Structure formats: structure tokens, C-alpha cells
Amino acid sequence: MFSAFMLDTWAAGLIVAVTAGVVGWFVVLRGASFAAHALPLGTFPGAAAAVLLGIAPSAGIAGFGLAGVVAIWALGRRGRPEVATALTLVMLLATGALLLSWTDRYAAQVYALLFGQVLGVSRAALGGMALAGAGAVAAVLAGFRPLLLGAIGADLAAARGARPALWEFGFLAAIALAAAVAVPVVGALLTFALMVGPASCGRAVSARPAVALAASVAIALALMAGAIALSYLTNWPVGCFAGLGGAGCYALGRALL
Amino acid sequence: MSGAGWFALGPVGVALAVSFAAALVSAVVGVFTVLRGQAFAGHALGDISGAGGAAALLFGIRPLAGFVAMALGGAAAMALAGGRRIAERDLASGVVLGAGLGLAALFLYLDATMSGVGGAASTVMFGSMFAIPPGMVLPAALCAAAALAAMAALARPLLLVAIGPDLAASRGVPVKLVGFAHLAVLALAVGLAAMSVGAVLATALLIGPASAGLRAARTLPGAVALAAAIGIGASWGGIALAYESYGWGGRHGWPVSFFVVALVVGAYVAAGLAARMRR
Chain D
1 MFSAFMLDTW
11 AAGLIVAVTA
21 GVVGWFVVLR
31 GASFAAHALP
41 LGTFPGAAAA
51 VLLGIAPSAG
61 IAGFGLAGVV
71 AIWALGRRGR
81 PEVATALTLV
91 MLLATGALLL
101 SWTDRYAAQV
111 YALLFGQVLG
121 VSRAALGGMA
131 LAGAGAVAAV
141 LAGFRPLLLG
151 AIGADLAAAR
161 GARPALWEFG
171 FLAAIALAAA
181 VAVPVVGALL
191 TFALMVGPAS
201 CGRAVSARPA
211 VALAASVAIA
221 LALMAGAIAL
231 SYLTNWPVGC
241 FAGLGGAGCY
251 ALGRALL
Chain P
1 MSGAGWFALG
11 PVGVALAVSF
21 AAALVSAVVG
31 VFTVLRGQAF
41 AGHALGDISG
51 AGGAAALLFG
61 IRPLAGFVAM
71 ALGGAAAMAL
81 AGGRRIAERD
91 LASGVVLGAG
101 LGLAALFLYL
111 DATMSGVGGA
121 ASTVMFGSMF
131 AIPPGMVLPA
141 ALCAAAALAA
151 MAALARPLLL
161 VAIGPDLAAS
171 RGVPVKLVGF
181 AHLAVLALAV
191 GLAAMSVGAV
201 LATALLIGPA
211 SAGLRAARTL
221 PGAVALAAAI
231 GIGASWGGIA
241 LAYESYGWGG
251 RHGWPVSFFV
261 VALVVGAYVA
271 AGLAARMRR
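As given, the protein sequences belong to chains D and P, one line each in that order. Position one of the first sequence corresponds to residue 1 (our numbering), numbered consecutively onward. Position one of the second sequence corresponds to residue 1 (our numbering), numbered consecutively onward.
Structure below.
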């Protein structure tokens with residue numbers, strides 16, 4: 001389990017867990033579960049597009065993530081935000097279904113991309129992952145106060161001089177960045193479980209934001225390590241353990257509250 | 001149409017019949033789902049039903065039974081975990097969704113390794129409308145009829161709950177029970193839709209036509225009727241276009257789900273424009 005080729009996986013898991021733990025805490029605070037589910041899932045067709053065009057999968061994932069952020073933000077200003085999220089998601093996925101029907105090369109990877117795989121990351125990709133993860137974490141931490149205020153109420157945030165619409169966009173972009181980091185390991189369908197599960201338990205640990213945030217990261221690390229270890233031992237997909245474990249974290253949090 | 005006619009349907013006929021039932025029920029249930037701000041729960045149930053579809057492949061039971069049973073289980077879990085605030089309800093939906101998807105991952109993995117069902121992930125998640133067996137038409141119709149009957153009974157209390165849970169409680173509506181009944185009907189609807197356009201795209205039939213109808217129509221019955229028309233139109237239009245696409249070169253036709261979603265989103269945008277021009 002700790003042989004040389006697994007070291008890259010452990011390093012990737014560390015990056016994923018820290019990013020998901022921090023960003024996920026803001027997701028739970030702001031009630032953005034749906035967006036946190038839709039953005040990672042929406043990046044999945046990006047990888048298919050990249051295979052079709054012969055470019056790097058991470059470029060495709062980032063491109064579709066950005067498209068998702070813009071669509072959710074723009075449609076959400078005009079109508080109900082959750083409807084905007086739902087329609088953005090199905091548009092991205094339908095594009096994915098179309099791209100998949102055009103290529104056979106990709107079929108074997110569909111499952112891995114949806115549900116995650118232990119060996120999804122090469123050493124060469126680790127640097128980019130760390131950079132993107134650091135970007136996402138830096139973005140939400142830089143916006144700590146405006147994001148907190150916006151979570152309490154957009155009017156309050158506006159009254160205190162923050163610009164809620166702008167921060168909403170930045171926040172969605174941070175989720176998309178975190179998704180780009182996590183999707184290759186945890187899978188497009190279950191990345192959000194790693195975000196909301198630990199965070200929903202972390203907030204039960206303490207009412208103080210900094211402590212709850214730290215707890216959320218610690219729980220995410222434990223969940224990620226457990227998922228990788230179990231996946232290595234059983235050969236079952238990583239996402240399976242992340243999803244079930246995330247639900248377990250939430251139940252634990254509810255019991256603590 | 002005679003009784004024998006139903007069973008003699010070709011793949012396209014079966015697709016038309018099942019998608020009609022799915023689109024009609026999804027549109028009607030969808031209007032109330034959008035009004036209550038439950039779009040995420042609806043989407044989550046669709047994804048969760050995918051675990052049932054995968055389990056059905058594994059155990060060799062009827063796919064519709066798998067989709068619907070798993071969605072119903074998800075609905076029960078959400079009702080148990082859910083809170084009163086929308087953000088809290090969404091969090092509970094998300095967590096149940098995570099667990100459901102974890103199971104889907106497991107069942108699909110076992111499908112691939114134990115019973116050698118290849119390509120299960122794409123079939124369950126993105127649907128394969130032209131591969132629905134003809135025997136599915138009757139159960140699908142029964143499911144649809146049950147869902148529509150339940151919606152007829154639930155419409156008024158659900159509206160009251162959508163306006164305000166406190167108001168509804170003061171008018172003698174059992175808010176929790178109505179909420180659970182709504183989730184159960186939602187599960188039936190997305191189970192049907194997952195059968196036709198696939199688990200992750202069931203949301204398109206549930207949310208798209210309903211929100212387009214709510215944007216463009218002035219009254220609730222009008223919104224429901226418009227939503228149903230858009231849903232059925234998009235499904236049948238999608239099937240027709242996919243059928244056509246076999247002649248567009250390339251080795252396969254284009255996927256039905258792609259056309260259905262494109263038509264639904266187009267209708268949503270058009271409804272927004274129509275509503276703005278009228279003002």
C-alpha cells in the first residue's frame with residue numbers, strides 16, 4: 001500500500017482532501033450543495049472533449065468547469081438559482097453524452113471518471129493539482145469575511161460594502177477549481193460528497209469558524225485516507241467509499257449537534 | 001389501438017410510449033418541485049435511482065423496478081434526514097445523494113466484474129431509449145397513472161406548503177406527511193424519466209419543462225399544461241431527431257438524451273424571452 005507507485009496517490013489524496021475540506025466548509029455554510037454537486041459532475045464531459053480533441057484532460061476539465069460557472073451565474077441572476085444549476089448541469093452532461101457517442105476510445109474511462117480511481121494521477125500531474133488546489137483555498141480564504149456575510153444574507157453583505165454577485169462568481173469559480181483537483185481521484189459524481197460530508201460534521205465540532213474549518217479539513221483527510229486505503233485493498237472504486245463515508249460523517253455530525 | 005398493437009411496437013414505438021409517460025409525469029410533478037425549491041432533491045433522486053438501475057442489471061430484475069425502488073428508498077432517507085430550512089434540506093439531500101452514488105459505484109463495479117455487463121455505466125447514467133424492452137410499456141403506464149393520481153390528491157396541500165409551511169400547518173395540512181408524499185411521487189417520476197433519458201439526465205425532464213411553464217404561463221393550471229406540452233414535445237422531438245441522425249454519417253446515431261436536453265433548454269430560454277416581451 002505504501003510502495004513507490006502509491007506515493008503519488010497519497011500525495012494527490014492529501015491535496016484533494018485539504019482543498020475539499022476548506023472549500024466544502026464554505027459550501028455547507030452558504031447552502032451551495034447543489035452547485036458543489038453540479039460543477040464537478042459538469043466537468044466530466046470536459047475530459048471526453050479533451051480526448052476527442054487530443055488535448056490534456058485537465059484543460060478540458062478546466063474549460064467545462066469555467067463554462068459551468070458562467071452558465072450557473074448568468075442564468076441564476078435571471079431566474080431561480082437551483083433551476084439555473086439544474087439546467088446548466090444537464091446541458092453539460094448532454095454535451096458529454098454526445099461526445100461519448102462519437103468516440104470509442106473513451107468508453108473504458110467513463111466509469112473511472114465518474115466514480116474515481118486510486119491510480120488516477122501521475123507524478124507529472126501533481127504539481128498542477130497542488131497549484132489549482134492552492135488557488136481554490138486561497139480564493140475562499142481571501143474572501144472569508146465577504147463569503148461569511150453573504151451566507152448570512154446578501155442584503156447585509158451589500159450593506160457592509162461587499163459585492164455579493166461578484167463574490168458569488170468567485171465562490172463558484174473556487175468550487176470549479178477544487179473540482180478540477182478532485183475529479184481525477186474521487187470521480188465526477190462523488191467529489192461533492194468529500195466536500196459536504198466532512199464539513200457538515202466539522203461545524204458540529206465547534207461554533208467558532210476557524211476551529212470548525214480546521215476540523216472539516218482534518219475529517220476530510222481521514223475520509224480520503226480511508227477511501228484510498230479501502231479502495232486499494234478491495235479494488236472497489238474510491239468514490240464508493242467517499243460517498244458512503246461522507247454520509248457517515250454527516251450522520252456523526254447530526255448526532256453531535 | 002388494440003391490445004395486441006401495444007406489444008407489437010417496434011423500438012421507436014416503445015421509446016415514444018415510455019417517454020410520453022415519463023415526460024408527462026415529470027412535467028406535472030416538476031412544477032410543484034420547482035415551486036417548493038426542491039430542484040436539488042429531484043436531481044438527487046434521479047442520480048440515486050441510477051444505483052437501482054445498476055443493481056437491477058446485477059440481480060437480473062426489471063430495470064424499472066430497480067430505478068423506482070432505489071429512488072423511493074432515497075426519498076425515505078431524505079425525508080428522515082431533512083430539515084426545515086432549504087439550505088439544510090439541500091445538505092441532507094446532498095448527503096443521501098452521496099451515499100446513493102457510492103452504492104451506484106459499487107453496483108456498476110460489480111456489474112462489470114462479476115456478470116460482465118460492459119458499458120453499464122453509460123447505459124444506466126445516460127439512458128438508451130431505443131433499447132427499452134416492449135414489456136416495459138405497461139408497467140411504465142401504470143407507474144405514470146399512479147403518480148398522476150397521487151399528484152391530483154396532493155396538489156392543494158402542496159401549494160399551501162410551498163407558500164409557507166406555517167400557513168399550511170395552520171390550515172390543518174400535515175406538513176411532514178405531505179412533504180414525504182411529494183418526495184415519493186417525485187421518486188416515481190424520476191424513476192420513469194431515468195428509464196428513458198438516463199439517471200443523470202432525468203433532471204432535464206423534471207426541471208426544464210416545469211420552469212419554462214412557470215415562466216411563460218400566468219396561472220398554475222396553465223403552467224402545468226404548458227410544462228406537459230414542452231416535456232412531451234421535447235421527448236418526441238428528441239426521438240425523431242435521434243432517429244434522423246442515423247443518416248447524418250458517422251457510425252452511430254446521435255444520443256436521444258442530447259436532443260431532449262437541447263430542446264428542453266431551448267424551451268426554457270424561449271419561455272423567458274416570451275415572458276419578458278409580454279411585460
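Ideal Cβ positions, reconstructed from N, Cα and C, are used throughout, including at glycine. In this text, all values refer to a predicted model and were calculated from it rather than measured experimentally.
*How close, in whole Å, do the beta carbons of L195 (chain D) and V16 (chain D) come, if the pair is a contact with beta carbons under 8 angstroms?*
For the purposes of this step, residue 195 (chain D) is identified with residue 195 of the first sequence, where counting begins at 1. For the purposes of this step, residue 16 (chain D) is identified with residue 16 of the first sequence, where counting begins at 1. Just to set this straight, residue 195 (chain D) is Met in the shown sequence, not Leu. In fact, because the Cβ distance is near 10 angstroms, the residues do not count as touching under 8 angstroms.
*Going by beta carbon distance, what residues of the same chain come within less than 7 angstroms of L257 (chain D), once the five residues before and after it are set aside?*
Locating residue 257 (chain D) in the first sequence gives position 257, counting from the first residue. Hits under 7 angstroms: A204.
_Here's the rule I'm using: 16 or more other beta-carbon atoms within 10 Å means buried, otherwise exposed. How should I132 (chain P) be labelled?_
Mapped onto the second sequence, residue 132 (chain P) falls at position 132. Classification for I132 (chain P): buried.
*Can you pull the chain P residues whose beta carbon is under 8 angstroms from the beta carbon of V28 (chain D), in chain order?*
Translated into positions along the first sequence, residue 28 (chain D) becomes position 28. Under the 8 angstroms cutoff, chain P gives L91.
_C-beta contact flag for A27 (chain P) and G266 (chain P) at 8 angstroms_ = If you number the second sequence from 1, residue 27 (chain P) lands on position 27. If you number the second sequence from 1, residue 266 (chain P) lands on position 266. Going by C-beta atoms, A27 (chain P) is not nearer than 8 angstroms to G266 (chain P).
*Cβ-based burial, G245 (chain D) [other Cβ within 10 Å; buried from 16]*: Position 245 of the first sequence, counting from 1, holds the residue named residue 245 (chain D). Per the 10 Å Cβ criterion, buried.
*Check whether the stretch 128 to 147 of chain D touches the stretch 175 to 189 of chain D, taking contact to mean three or more Cβ pairs, one atom from each stretch, closer than 8 angstroms.*
yes
_Any contact between the stretch 30 to 42 of chain D and the stretch 86 to 93 of chain P? By contact I mean 3 or more CB pairs, one from each, below 8 angstroms._
yes
*Same chain, Cβ closer than 6 angstroms to A71 (chain D), five either side skipped, listed in chain order*: On the first sequence, residue 71 (chain D) is found 71 positions in, with the first residue counted as 1. For A71 (chain D), where only same-chain residues beyond five positions count, the Cβ hits under 6 angstroms are T88.
*Does any CB atom of chain D fall closer than 8 angstroms to the CB of G208 (chain P)?*
Within the second sequence, residue 208 (chain P) is the residue found at index 208, counting from 1. For G208 (chain P), the answer is yes, since a Cβ of chain D falls inside 8 angstroms of its Cβ.
_Within chain P, partners of A50 (chain D) - CB distance below 9 angstroms_ = Translated into the one-based positions of the first sequence, residue 50 (chain D) becomes position 50. Within chain P, no residue comes near A50 (chain D); the closest Cβ sits about 18 angstroms away, beyond 9 angstroms.
_Three-way DSSP call (helix, strand, coil) for R85 (chain P) in this model_ = Here residue 85 (chain P) refers to the residue found at position 85 of the second sequence. Three-state result, R85 (chain P): coil.
*asked:* With H, G and I counted as helix, E and B as strand and the rest as coil, what does DSSP make of A4 (chain P)?
replied: For the purposes of this step, residue 4 (chain P) is taken as residue 4 along the second sequence, with counting starting at 1. Model confidence at A4 (chain P) stands at a pLDDT of 43, short of 50, so the residue's coordinates are unreliable and nothing is read from them.
_Between the alpha carbons of G198 (chain P) and S128 (chain P), how many angstroms are there, rounded?_
Translated into positions along the second sequence, residue 198 (chain P) becomes position 198. Translated into positions along the second sequence, residue 128 (chain P) becomes position 128. Approximately 7 angstroms between the Cα atoms of the pair.
_Identity of the residue in P:A146, P:L80 and P:G52 nearest D111 (chain P) by Cα_ = As a first step, residue 111 (chain P) must be located in the second sequence, where it is residue number 111. Nearest C-alpha to D111 (chain P): P:G52.
*Could you work out which residues of chain D lie near P139 (chain P), taking near to mean beta carbons separated by less than 9 angstroms?*
Position 139 of the second sequence, counted from the first residue, corresponds to residue 139 (chain P). Those do not exist, as P139 (chain P) stays about 25 angstroms from chain D at its closest Cβ, beyond 9 angstroms.
*Near-chain P residues of the stretch 233 to 253 of chain D (beta-carbon distance less than 9 angstroms), N- to C-terminal order*: N235, W236, P237, V238, G239, C240, F241, A242, G243, L244, G245, G246, A247, G248, C249, Y250 and A251
*Could you have a look at L190 (chain D) and say whether DSSP puts it in helix, strand or coil?*
Working through the first sequence from its first residue, we reach residue 190 (chain D) at position 190. If DSSP states are grouped into helix, strand and coil, L190 (chain D) belongs with coil.
_Local Cβ density within 10 Å of E244 (chain P), reported as buried at 16 or more and exposed below that_ = In the second sequence, the residue the question calls residue 244 (chain P) occupies position 244. E244 (chain P) should be labelled exposed.
*Quick one: complete alpha helix (DSSP H) runs, 4+ long, within the stretch 121 to 177 of chain D?*
123 to 142, 144 to 152 and 154 to 159
*Verify the CB distance criterion: does Y268 (chain P) have a CB-CB separation below 8 angstroms to chain D?*
The count along the second sequence starts at 1 and reaches residue 268 (chain P) at position 268. By this cut-off, Y268 (chain P) is an interface position.
*From the DSSP output, in three-state form, read off R276 (chain P) for me.*
As a first step, residue 276 (chain P) is located in the second sequence; it is residue number 276 there, counting from the start. Note: R276 (chain P) maps to helix in three-state DSSP.
*Under 8 angstroms between beta-carbons, which chain P residues line up against P190 (chain D)? List them in chain order, please.*
Working through the first sequence from its first residue, we reach residue 190 (chain D) at position 190. Sequence inspection shows Leu at residue 190 (chain D); the Pro mentioned does not correspond to that position. Per Cβ cutoff of 8 angstroms: G98, L101, G102 and A105.
*For A204 (chain P) and chain D, any beta-carbon pair shorter than 8 angstroms?*
Start at 1 with the first residue of the second sequence, and residue 204 (chain P) comes out as number 204. Closer than 8 angstroms to some Cβ of chain D, the Cβ of A204 (chain P) qualifies, so yes.
*Using a beta-carbon distance below 8 angstroms, is S101 (chain D) in contact with chain P?*
For the purposes of this step, residue 101 (chain D) is taken as the residue at position 101 of the first sequence. Chain P contact via Cβ: present.
_Using CA atoms only, rank isn't needed, just tell me which of P:L192, P:W248, P:G208 and P:G237 is closest to G50 (chain P)._
Mapped onto the second sequence, residue 50 (chain P) falls at position 50. Checking every option, the nearest Cα to that of G50 (chain P) belongs to P:L192.
*Does DSSP put Y268 (chain P) in a helix, a strand or coil?*
Against the second sequence, residue 268 (chain P) aligns to sequence position 268. Three-state result, Y268 (chain P): helix.
*If we ignore side chains and look at the alpha-carbon of each, how far apart do A247 (chain D) and F67 (chain P) end up?*
Your numbering for residue 247 (chain D) matches position 247 in the first sequence. Your numbering for residue 67 (chain P) matches position 67 in the second sequence. Distance between the alpha carbons of A247 (chain D) and F67 (chain P): 21 angstroms.
*asked:* Need the endpoints of the alpha helix (DSSP H) that I219 (chain D) sits in, please.
replied: Mapped onto the first sequence, residue 219 (chain D) falls at position 219. Per DSSP, I219 (chain D) belongs to the alpha helix (DSSP H) from P209 to T234.
*State yes or no: is the C-beta of F34 (chain D) within less than 8 angstroms of the C-beta of L147 (chain D)?*
As a working mapping, residue 34 (chain D) is identified with position 34 in the first sequence. As a working mapping, residue 147 (chain D) is identified with position 147 in the first sequence. Contact: no.
*Is the CB of A262 (chain P) under 8 angstroms away from at least one CB in chain D?*
Numbered from its first residue, the second sequence carries residue 262 (chain P) at position 262. Interface residue, yes.
*Tell me, please, whether the CB atom of H43 (chain P) is closer than 8 angstroms to any CB atom in chain D?*
One-based indexing of the second sequence puts residue 43 (chain P) at position 43. Yes, because at least one Cβ of chain D sits closer than 8 angstroms to the Cβ of H43 (chain P).
*asked:* Counting only beta-carbon separations shorter than 8 angstroms, does F7 (chain P) have a partner in chain D?
replied: Translated into the one-based positions of the second sequence, residue 7 (chain P) becomes position 7. In this prediction, F7 (chain P) scores a pLDDT of 44, lower than 50, which makes its location untrustworthy; no coordinate-derived value is stated.
*Cβ neighbour criterion (16 or more within 10 Å) applied to G5 (chain P)*: The residue labelled residue 5 (chain P) in the question sits at position 5 within the second sequence. Since pLDDT at G5 (chain P) reaches only 45, below the 50 mark, its modelled position is unreliable, and no value is offered.
*Under 7 angstroms between beta-carbons, which chain D residues line up against P255 (chain P)? List them in chain order, please.*
On the second sequence, residue 255 (chain P) is found 255 positions in, with the first residue counted as 1. Simply A97, L98 and S101.
*Skipping 5 residues on each side, what residues in its chain have a beta carbon closer than 6 angstroms to that of G237 (chain P)?*
As a working mapping, residue 237 (chain P) is identified with position 237 in the second sequence. Only L263 meet the Cβ criterion.
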